[in-house]
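Undergrad: Numbering (my numbering), first residue to last: 102 to 680. After the structure tokens below, expect a handful of questions from me.
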């Protein structure tokens, strides 16, 4: 045989391994030397194969790789000592394989630089194995290809290997790619994933129109997820409004809420949904571009009375639909028979309520005024409308999730103090928080499990142009993520809706009959309403000081009322004494 450390001996015809192995072992040593022993028996050729084990481990230098033939009797526990000895003899070479169980035992040493040694050591430490259990090779891009040991488990080790890539071997943006089946892995250099400064709204994308019984239409694309490491573009950020019917949108001023809400408006209208909007008069200008598309009596932005009426009418529509579901014996509006006449008339209704804090915060009723004073009555009536608005919204969120009504609640702070308690937050399945650096308090008020929602990375937070509009989300049935909404001007969104022939309407504000039906304590806020005119006239007259003819401030008026009250009390007391 060509290998000088291996020889064959012809076996006697009556050789029995069970009886004669020890005798043959002695004979091998007598004929060949003490450093020889039996490797195995070739029964087909009836040959004994002997192998020589050098008294010292020998080394076969092949350039980048050195193969060591281990001494007879070498054990796995000898690996650290042998590695140290030969790494000292051969600087720059490190033990990569240790196989004492072979005949002869073998170890492999490989040449690599200190950075590679450091990378291998970090990976071994993460997996809890000896460094030579890891096979490592340099990549052309500056990373490393690895062969992992059998002890590797994704659930136990992936997070630790990611830490090796980003915090030890490389830096932000570096990532791992692992095949658990083949145990092949790579540590790959990359820049941190990021967003474009602006992600245009996909006005040319295909749109799935609403159809009774369908759910595909409800998957609305609204932006882009943060790309995976090494990728230029992320997956589309989608909210499935059938999986999660109601959505809570949070974010401080200038965080991008208006842009995001406009994306929702365009997306749902293009697919055939109906739209209703409730906002404060000062902020309603953000939605003027789409007012013509709002369903009749669905514009609740001119006064708190009209907001309450719109919300009440939406709730009444939900109640009407719920009765239809009961009649057909189904639990969800998507289960209605396709030939049901009522189903053909039902379309999804999206109600967007913005600036909730301003809409729900109760007015301060001026003290010291007469009970019938116009200012006192106005504050009381406003508070009644606010309570109706809040009550009907909360009931809709809790009771009308299965009748095709979708609520989008937008606020800067979603706390009990602002009227958004835990129960109401629970009834909003999709959670969106816009802004790159929200407080931990705000995260807790939006996300049920903030620890499960990633934060916006530092490199995005520190770049104002890239970070503009970026936020985080945890939507029903989807993985929590960092995302950036699409952007388009309101003119572009309007052109987009015209392309799909989205119908326009007139009479978006509630009618007088609707106001009287749902907000009985307040008259319509139309400027032509006689009740409102009389109230304003009474208020104006009451604020004129009869002594000076000048208009009083509310503070001056209140003090005057107190003085009159004291005088009246003194007069009554004097009248009682004279009786």
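Even glycine gets a Cβ: it sits at the ideal position worked out from N, Cα and C.
Does residue 450 pass the burial test, meaning 16 or more other C-beta atoms within 10 Å, or should it be called exposed?
TA: Residue 450 should be labelled buried.
Undergrad: By how many angstroms is the C-alpha of residue 535 removed from the C-alpha of residue 190?
TA: About 60 Å.
Undergrad: Indicate whether residue 118 and residue 142 have their beta-carbon atoms separated by less than 8 Å.
TA: Yes, the Cβ-Cβ distance between residue 118 and residue 142 is below 8 Å.
Undergrad: In chain order, what residues of the same chain lie with their CB nearer than 6 Å to the CB of residue 490, ignoring the 5 residues before and after it?
TA: The answer, listed in chain order, is 408, 409 and 412.
Undergrad: Answer yes if the region 516-534 comes into contact with the region 466-473, meaning at least three C-beta pairs across the two stretches below 8 Å, and no otherwise.
TA: No, the region 466-473 is not in contact with the region 516-534.
Undergrad: Are the Cβ atoms of residue 393 and residue 601 separated by less than 8 Å?
TA: No.
Undergrad: Specify the secondary structure class of residue 391 as computed by DSSP and reduced to three states.
TA: Helix, per DSSP.
Undergrad: Look up residue 207 in the DSSP assignment and give the residues it is bridged to.
TA: BP columns for residue 207 point to 170 and 200.
Undergrad: Hey, could you find the ends of the alpha helix (DSSP H) residue 147 is sitting in?
TA: Looking at the DSSP string, residue 147 is not in any alpha helix (DSSP H), and its letter there is neither H nor E.
Undergrad: Going by C-alpha distance, which of 169, 217, 273 and 522 is nearest residue 205?
TA: Looking at the Cα atoms, 169 is the closest of the given residues.
Undergrad: Please give me, in chain order, every unbroken run of the beta strand (DSSP E) with length at least 3 that falls completely inside the region 294-331.
TA: Counting only runs of 3 or more, we get 320-326.
Undergrad: Straight-line CA distance for residue 303 to residue 390?
TA: Spanning the two alpha carbons is a distance of roughly 19 Å.
Undergrad: Would you call the region 218-227 in contact with the region 166-184, where contact means no fewer than 3 C-beta pairs closer than 8 Å?
TA: Touching, no.
Undergrad: Which of the three DSSP states, helix, strand or coil, is assigned to residue 156?
TA: Caution is warranted here: a pLDDT of 39 is assigned to residue 156, below 50, making its placement in the model unreliable, and no coordinate value can be reported.
Undergrad: With DSSP as the reference, identify every bridge partner of residue 194, one or two as the case may be.
TA: Looking at the DSSP assignment, residue 194 forms a beta bridge with 212.
Undergrad: Determine the DSSP secondary structure at residue 341, reduced to helix, strand or coil.
TA: In the structure shown, residue 341 sits in a strand (DSSP, three-state: E or B).
Undergrad: Select from 210, 255, 265 and 558 the residue whose C-alpha is nearest the C-alpha of residue 281.
TA: Residue 255 is the option with its Cα nearest to residue 281.
Undergrad: Would the beta-carbon of residue 175 fall within 8 Å of that of residue 209?
TA: Not closer than 8 Å, so no.
Undergrad: Beta-carbon of residue 148 versus every beta-carbon of chain C: anything under 8 Å?
TA: Checking the listed chains, one finds no chain C in this structure; it contains a single protein chain.
Undergrad: In or out: residue 307 buried (at least 16 other Cβ within 10 Å) or exposed?
TA: Result: exposed.
Undergrad: Helix, strand or coil, according to DSSP, for residue 110 in the structure here?
TA: DSSP places residue 110 in strand when its eight states are reduced to three.
Undergrad: Could you give the residue range of the alpha helix (DSSP H) that holds residue 266?
TA: No alpha helix (DSSP H) contains residue 266, which DSSP labels as neither H nor E.
Undergrad: Would you call residue 364 buried or exposed, if buried means 16 or more other Cβ atoms sit within 10 Å of its Cβ?
TA: Buried, because 16 or more other Cβ atoms sit within 10 Å of the Cβ of residue 364.
Undergrad: Return yes when the Cβ of residue 507 is within less than 8 Å of the Cβ of residue 357, no when it is not.
TA: Going by C-beta atoms, residue 357 is not nearer than 8 Å to residue 507.
Undergrad: In the DSSP assignment, find the unbroken alpha helix (DSSP H) run with residue 541 in it and report its ends.
TA: 541-547 is the extent of the alpha helix (DSSP H) around residue 541.
Undergrad: Run the CB neighbour count on residue 588, radius 10 Å, all protein chains shown included, and call it buried at 16 or more, exposed below.
TA: Its Cβ being crowded by 16 or more others within 10 Å, residue 588 is buried.
Undergrad: Over the uninterrupted alpha helix (DSSP H) stretch that includes residue 442, give me the two end residues.
TA: Counting along the chain, the alpha helix (DSSP H) containing residue 442 begins and ends at 442-446.
Undergrad: In chain order, what are the residue ranges of uninterrupted alpha helix (DSSP H) at least 4 long that sit wholly in the region 589-625?
TA: Whole alpha helix (DSSP H) segments, 4+ residues: 591-600 and 613-619.
Undergrad: Does residue 671 come out as helix, strand or coil in the three-state DSSP assignment?
TA: With a pLDDT of 48 at residue 671, under the threshold of 50, the modelled position of this residue cannot be trusted; read the value that follows with caution. Helix at residue 671.
Undergrad: Give, in chain order, every unbroken run of the beta strand (DSSP E) that is at least 3 residues long and sits entirely within the region 244-290.
TA: List check, beta strand (DSSP E) in window: 245-248, 276-280 and 285-289.
Undergrad: What does the alpha-carbon distance come out to for the pair residue 231 and residue 273?
TA: So the two alpha carbons sit approximately 27 Å from each other.
Undergrad: Residue 315: buried (16+ other C-beta within 10 angstroms of its C-beta) or exposed?
TA: Residue 315 should be labelled exposed.
Undergrad: Just checking my contact of residue 325 with residue 338 at CB under 8 Å: how many whole Å lie between their CB atoms?
TA: That belief holds up - the Cβ atoms of residue 325 and residue 338 are roughly 6 Å apart, short of 8 Å.
Undergrad: According to DSSP, is residue 692 part of a helix, a strand, or is it coil?
TA: This structure does not reach residue 692, given that the chain is present from 102 up to 680, and the question cannot be answered.
Undergrad: Between the region 455-462 and the region 496-512, do at least 3 Cβ pairs fall closer than 8 Å?
TA: In short, these stretches touch, since the Cβ pair count reaches three.
Undergrad: Looking only at DSSP bridge pairs, what is residue 454 linked to?
TA: 379 and 510, per the DSSP bridge assignment.
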